[in-house]
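Residue numbers (the working numbering): 3 to 738.
For every residue, glycine included, the Cβ atom is placed at its ideal position computed from N, Cα and C.
Please read all numbers here as calculations on a predicted model, not as lab measurements.
Structural data, given as structure tokens:
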């Protein structure tokens with residue numbers, strides 16, 4: 003009997019296992035061999051696994067483990083030529099692993115499960131073909147019951163090759179990586195197996211809806227479902243659901259469920275057992291959470307409460323692995339850092355992470371926007387194809403749609419997998435409106451409470467969108483929908499050469515290497531670190547000021563997608579570095595700008611430099627999206643310098659939450675100074691024991707005096723904002 007592939011997404015490396023679940027992990031040491039000449043198929047390497055001999059780790063990508071050459075790859079958009087990974091290689095590679103099946107599995111059905119292969123893979127067991135997979139985001143499996151040798155060695159061989167690299171979309175944006183990037187596992191079941199289980203919490207109905215497919219299950223089989231808060235505190239609820247014609251569908255009542263939100267990400271453990279009388283045929287355990295995302299006019303609601311979406315982009319920058327990281331502990335640390343810095347949403351730019359990422363996002367309370375490129379992604383595979391590609395033309399549509407559907411089903415139980423986007427920056431139209439609507443309705447049929455948008459970076463009221471993500475034009479009335487500011491604003495610093503020692507994994511600090519070489523050619527290598535630090539200071543000032551301006555002046559917004567919270571190696575855009583670690587500012591300080599409740603000043607760049615004795619007036623606003631919001635807050639402001647307080651004041655107002663609310667005005671006179679001095683304007687919002695603060699730097703200069711008549715300027719300045727400088731007479735070398 004030949005192996006048969008399961009089209010449903012396989013379940014690999016689950017966070018939880020049912021006590022009766024049978025699973026054997028093949029993670030760890032494998033063998034490997036590059037095949038640049040494509041000799042492996044003709045040479046039947048799948049029958050001669052002893053020739054595949056170099057050690058390699060699974061999961062991972064082989065370029066990140068040093069397999070390849072020392073040449074360069076291309077980084078999209080930036081058009082940089084660089085050695086991104088420890089080695090560079092585009093082509094085929096072969097994996098091999100020898101294993102034995104647990105003795106207790108004799109007489110059971112056995113499945114071989116692959117978490118993910120990029121770009122495409124085909125597999126053989128004991129020399130016999132199993133099949134292949136050409137969907138980079140999708141876990142897949144084969145039944146291998148009749149191909150196994152019990153009590154003896156089994157040889158598994160996998161060929162990973164270039165076919166369908168384009169469907170990995172932005173997986174390849176930093177360079178071409180390849181490999182088995184998630185775990186490989188064996189599972190065993192009885193005569194019938196669960197091919198797919200969907201857990202669909204329904205907040206209004208206070209019920210968990212369960213759908214489970216077991217194609218070979220006979221009539222009389224049942225699903226035994228038990229559910230308990232994942233924290234382990236609380237009563238469990240149970241139900242038995244009959245299976246009819248291979249499908250079990252039912253509901254579990256959960257009175258007063260604990261709701262999942264960014265503020266309080268409550269989770270439940272659900273155990274599902276497929277039983278035939280007293281016999282367990284298959285079993286699994288998953289987590290899920292009760293959450294409902296809706297729109298009410300221009301507000302974005304989570305479980306009925308207005309939230310201000312504070313998002314970040316993510317460009318699959320996993321410097322440790324070079325491919326989607328599967329280390330949950332590392333993701334917990336990284337995503338917890340995002341929450342500590344005030345972010346509650348992540349946009350995965352034209353790709354999706356694996357389930358391990360969503361497990362961590364579930365725990366810390368992040369909403370994740372996955373993008374599978376249904377209408378065209380950021381997919382720069384060639385000079386001619388960067389944006390809106392691959393498009394769902396007849397040659398691409400079947401693969402794009404299959405991958406989209408399977409990823410939605412893969413992540414259906416995750417509360418964090420809450421937003422799906424079909425394209426990047428299509429503006430106002432698409433050539434494929436029917437595809438957009440079909441994809442929207444098909445996604446809602448699987449996950450009714452997910453948010454779905456046709457593009458991120460565009461608006462068309464005739465196309466599907468539960469909210470809008472765009473840079474809404476000034477002066478135009480926004481729609482009666484939530485609008486999130488698109489990709490705001492790509493502030494970058496210079497690469498920081500001091501970080502080179504952190505890049506000990508798969509990806510090199512290639513941006514730093516490029517910067518160091520450029521500075522060396524210009525004789526400025528000794529200044530490189532100073533350049534980086536000062537550019538980071540400028541970046542931070544720009545980001546803080548303009549993020550606060552945007553939240554203040556565009557009060558109709560339901561959120562801002564900050565690009566980015568963290569660096570992406572060639573583009574150091576973040577307040578965090580590539581490893582989600584602090585650069586210049588700590589989390590508490592950054593939440594003054596990106597928190598739930600933010601005090602916003604009437605300051606722009608042009609009104610922060612003042613003269614001694616000048617009257618200073620600054621309106622203040624509050625954007626309060628805390629849960630619960632502040633009730634009757636008071637605001638106290640201070641103007642201070644190194645010598646202490648210069649002026650103080652207090653403001654009272656009719657507080658209005660979930661909007662940008664005017665508070666009042668700071669009024670004072672700038673102090674006398676003998677030389678330029680920095681002063682700090684601070685504001686503190688208090689409501690009982692609750693508190694929010696913010697602060698801003700101003701500069702005060704001594705009273706200006708007329709320049710001596712003998713002062714002139716040398717040459718002709720091209721750029722200046724100083725009126726007095728423009729009016730000076732000029733002098734050249736001859737005049738001197």
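Per DSSP, reduced to three states, the secondary structure at residue 658 is coil, with no helix or strand assignment. The shortest C-alpha to C-alpha distance from residue 641 to any of 631, 433 and 701 is the one to 701.
Across the structure, residue 648 and residue 664 are spaced so that their CA atoms are roughly 24 Å apart. Between residue 545 and residue 566, the alpha-carbon positions lie close to 10 Å from each other. If only uninterrupted beta strand (DSSP E) runs of at least 3 residues are considered, those enclosed by the stretch 527–585 are 561–565.
As DSSP reads the structure, residue 96 sits in a beta bridge with 35 and 161.
Shown here for residue 73: same chain residues with a beta carbon closer than 8 Å to its own, the five before and five after excluded, namely 85 and 90 in chain order. Per DSSP, residue 169 lies in no alpha helix (DSSP H) and is assigned neither H nor E.
When DSSP assignments are scanned along the stretch 261–338, the uninterrupted stretches of beta strand (DSSP E) that are 3 or more residues long and fall wholly within it turn out to be 270–278, 281–290, 295–298, 301–304, 307–309 and 311–316.
Residue 337 counts as buried, since at least 16 other C-beta atoms from the protein chains shown sit within 10 angstroms of its C-beta. When DSSP states are grouped into helix, strand and coil, residue 229 belongs to the strand group.
Pairing residue 365 with residue 334 gives a Cβ-Cβ distance under 8 Å. For a cut-off of 8 Å, the C-beta gap from residue 119 to residue 182 is around 6 Å, short enough to register as a contact.
In this structure, residue 283 lies near residue 193, with their beta-carbon atoms less than 8 Å apart.
For residue 611, the enclosing beta strand (DSSP E) starts and ends at 611–613. For residue 621, the enclosing beta strand (DSSP E) stretches over residues 617–626. Within the DSSP secondary-structure output, residue 75 pairs in a beta bridge with 84.
As DSSP reads the structure, residue 686 sits in a beta bridge with 638 and 695. Exclusion of the five residues before and after residue 605 leaves 620 and 698 as the residues of its chain whose Cβ lies within less than 7 Å of its Cβ. Rounded to the nearest whole angstrom, the CA to CA distance from residue 432 to residue 378 is 9 Å.
Beta-carbon to beta-carbon, residue 689 and residue 625 are separated by about 15 Å, too far to satisfy the 8 Å threshold. Of the candidates 394, 42, 603 and 580, the residue whose Cα lies closest to the Cα of residue 507 is 580. In this structure, residue 499 sits near residue 534, with a CB-CB distance shorter than 8 Å. Counting along the chain, the unbroken alpha helix (DSSP H) around residue 442 starts and ends at 435–448. In this chain, residue 146 is not harboured by any beta strand (DSSP E), its DSSP state being neither H nor E.
Closest in C-alpha terms to residue 560, from the list 300, 237 and 101, comes 300. If you draw a 10 Å sphere on the C-beta of residue 550, you find 16 or more other C-beta atoms in it, and that means buried. The criterion of a C-beta distance shorter than 8 Å is satisfied by residue 75 and residue 177.
Within the same chain, Cβ atoms closer than 6 Å to the Cβ of residue 294 are found at 205, 305 and 451, the five residues on either side in sequence being excluded.
DSSP, read as helix, strand or coil, puts residue 201 in strand.
Annotation: residue 572 to residue 323 spans about 17 Å, alpha carbon to alpha carbon. The straight-line gap separating the alpha-carbon atoms of residue 399 and residue 28 is approximately 34 Å. When DSSP states are grouped into helix, strand and coil, residue 183 belongs to the coil group.
Counting C-beta atoms within 10 angstroms of its own C-beta, residue 414 has 16 or more neighbours from the protein chains shown and is therefore classed as buried.
The C-beta distance from residue 347 to residue 315 rounds to 10 Å, too long to fall under 8 Å, and the pair is not in contact. Membership of residue 402 in any beta strand (DSSP E) is not indicated; the residue belongs instead to the alpha helix (DSSP H) covering 399–412.
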